[in-house]
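Visitor: In this note's numbering, the protein residues as written are 247 to 660.
Even glycine gets a Cβ: it sits at the ideal position worked out from N, Cα and C.
None of the values given here were measured: they were computed from a predicted structure.
This is the structure I want to talk about, given as structure tokens.
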């Protein structure tokens, strides 16, 4: 029982499943934060008790401070010296930086379980393999380089971290020369990265007429992928693509074949609570995460801010709440809808649809050849409805957020 919805109010007197109750009590025992927020009794927990536990937000973690998770933070500081614990800073695109404490080996174990949950990736679980990563600097809970380290010093346990700075649109050609050369030298079985970074890597490799025949899988992670990214990557790196979703603070949560609406919860990593988002959107959910087996900073009913849609084949990750648009009639527009609306012949390395007024939108895209703007504009205006007017602009670059992440859809804040 790793994916669940809270039962209706009339059924809240039923007992929690044993494995969920055990994890709740372990989290309360390990972290004083939760008892301070909402004490629970020693009798068996009912759904009514679980429902009353307030959801935890990233902003609350930031405001309370990561020290609030620990009874004796001095023990954690001593653990840093002995390498029993490590820390990372994560902020995403909407929040201030948040410090995350994790026990040594936790992220490695999360990754191993994520691989075993994927029919495509499980071939790499439990054996040595070579991987290249191209993503924002400070990209995960492991060692992403922050300085100009030479190639051998960016090789950790079979993984090479290719870039030395964020914003791939700012990489000079000499930097792409180095990255492509290191990719060739490594001959990885797995290529992992943020979709925009990998799309631009595909462009760089294509221009240099470079192929990587060793590749067996491409992992799209750290950001929302467009089918435009997926197609450009596949043209140069023709390997199965995996959508791997998670966060530094919560770990890996969903994995599936990219663009197949087949993502599944990584059951050994977390409990996922599906919370109905809007009354007019059945099958569309917020997700609250309760981590499993976490020692440092366990999360209970953690509101990630991401939205998923359930299909018979699995889940589709729609994106962040703030990066989804609602038409006047309450219907939803997500990046997947933009992909479907774009003309069949349209191709680009990256795009961003940005709302600039109540009915005005700008469509920025990066490509080697200009598209028919009138066709693109009318297709997107039909998608948005409500008399929307769209202006298309071909760009050399589209700037990321300060975190290094990109957004495919940017509606006005409401």
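Within 10 angstroms of its Cβ, does residue 442 collect 16 or more other Cβ (buried), or is it exposed?
Guide: buried
Visitor: Considering only DSSP beta bridges, list what residue 347 is partnered with.
Guide: 333
Visitor: How should residue 335 be labelled, buried or exposed, when 16 other C-beta atoms within 10 angstroms of its C-beta is the threshold for buried?
Guide: Exposed is the call here.
Visitor: Between which two residues does the beta strand (DSSP E) holding residue 465 run?
Guide: 463 to 466
Visitor: In angstroms, rounded to a whole number, what distance separates the CA positions of residue 289 and residue 318?
Guide: 28 Å
Visitor: Please determine, among 644, 606, 407, 612, the residue with the shortest C-alpha to C-alpha distance to residue 429.
Guide: 407
Visitor: Which of helix, strand or coil does DSSP assign to residue 670?
Guide: Here the chain covers residues 247 to 660 and nothing more, so residue 670 does not appear.
Visitor: Say whether the stretch 519 to 538 touches the stretch 546 to 564, bearing in mind that this needs 3 or more beta-carbon pairs closer than 8 Å, one atom from each stretch.
Guide: yes
Visitor: When you compare each of 631, 506, 447 to residue 489 by their alpha carbons, which one comes out closest?
Guide: Closest option to residue 489, Cα to Cα, is 506.
Visitor: Return the CA-CA distance between residue 414 and residue 611, expressed in angstroms with no decimal places.
Guide: 15 Å
Visitor: Could you give the DSSP three-state label for residue 378: helix, strand or coil?
Guide: strand
Visitor: To the nearest angstrom, how far is the alpha carbon of residue 343 from that of residue 504?
Guide: 29 Å
Visitor: Buried or exposed for residue 590, please, with buried defined as at least 16 other CB atoms from any protein chain shown within 10 angstroms of its CB.
Guide: exposed
Visitor: For the pair the stretch 564 to 573 and the stretch 320 to 335, tell me if three or more CB-CB distances fall below 8 Å.
Guide: no
Visitor: Pick helix, strand or coil for residue 326, following the three-state DSSP scheme.
Guide: helix
Visitor: What does the Cβ neighbour count give for residue 653, buried or exposed, with the cut at 16 atoms within 10 Å?
Guide: It is buried - the Cβ of residue 653 has at least 16 other Cβ atoms within 10 Å.
Visitor: With a CB to CB cut of under 6 Å and the five nearest residues on each side skipped, what residues in its chain are close to residue 579?
Guide: Short of 6 Å from the beta carbon of residue 579, and not among the five residues preceding or following it, lie these beta carbons of its own chain, in chain order: 571.
Visitor: Anyone know if the C-beta pair for residue 292 and residue 262 falls short of 9 Å?
Guide: Going by beta carbons, residue 292 and residue 262 fall inside the 9 Å limit.
Visitor: Confirm, please, whether the CB-CB distance from residue 470 to residue 563 is below 9 Å.
Guide: yes
Visitor: Of the residues 621, 604, 535, which one's Cα is nearest the Cα of residue 269?
Guide: 535
Visitor: Could you check the C-alpha separation between residue 585 and residue 474 for me, to the nearest Å?
Guide: 7 Å
Visitor: Three or more C-beta pairs closer than 8 Å, one from the stretch 489 to 500 and one from the stretch 592 to 607: is that the case here?
Guide: no
Visitor: Taking Cβ positions, are residue 444 and residue 464 nearer each other than 9 Å?
Guide: The answer is yes: Cβ separation under 9 Å.
Visitor: Once DSSP output is grouped into helix, strand and coil, what is the label at residue 304?
Guide: helix
Visitor: Short check: CB of residue 466 to CB of residue 434, under 9 Å?
Guide: no
Visitor: Rounded to whole angstroms, what is the Cα-Cα separation between residue 339 and residue 649?
Guide: For residue 339, the pLDDT reaches just 45, beneath the cut-off of 50, and the residue's location in the model is therefore unreliable, although a value from the coordinates is still provided. Approximately 6 Å, taken between the alpha carbons.
Visitor: Taking the alpha carbon of residue 354 as the point to measure from, which residue in 365, 601, 371, 346 has its own alpha carbon closest?
Guide: Nearest to residue 354 by C-alpha distance, out of 365, 601, 371, 346, is 371.
Visitor: Between the alpha carbons of residue 346 and residue 330, how many angstroms are there, rounded?
Guide: 14 Å
Visitor: Over what stretch of residues does the alpha helix (DSSP H) that includes residue 475 continue unbroken?
Guide: Element bounds for residue 475: 473 to 482.
Visitor: Quick one: Cα of residue 439 to Cα of residue 606, how far?
Guide: 32 Å
Visitor: Give me the Cα-Cα distance between residue 298 and residue 271, rounded to the nearest whole angstrom.
Guide: 15 Å
Visitor: Are residue 422 and residue 381 touching if we call contact CB-CB under 9 Å?
Guide: For residue 422 and residue 381, no; Cβs fall outside 9 Å.
Visitor: Once the 5 residues before and after residue 356 are set aside, which same chain residues still bring their CB inside 7 Å of it?
Guide: The residues are 497, 498, 515.
Visitor: With 16 other CB atoms within 10 Å as the buried threshold, where does residue 457 fall?
Guide: With fewer than 16 Cβ atoms within 10 Å of its Cβ, residue 457 is classed as exposed.
Visitor: How far does the alpha helix (DSSP H) with residue 268 in it reach, from first residue to last?
Guide: Looking at the DSSP string, the run of the alpha helix (DSSP H) that includes residue 268 is 264 to 276.
Visitor: Please name the residue, chosen from 485, 437, 549, that lies closest to residue 519 on a Cα-to-Cα basis.
Guide: 549
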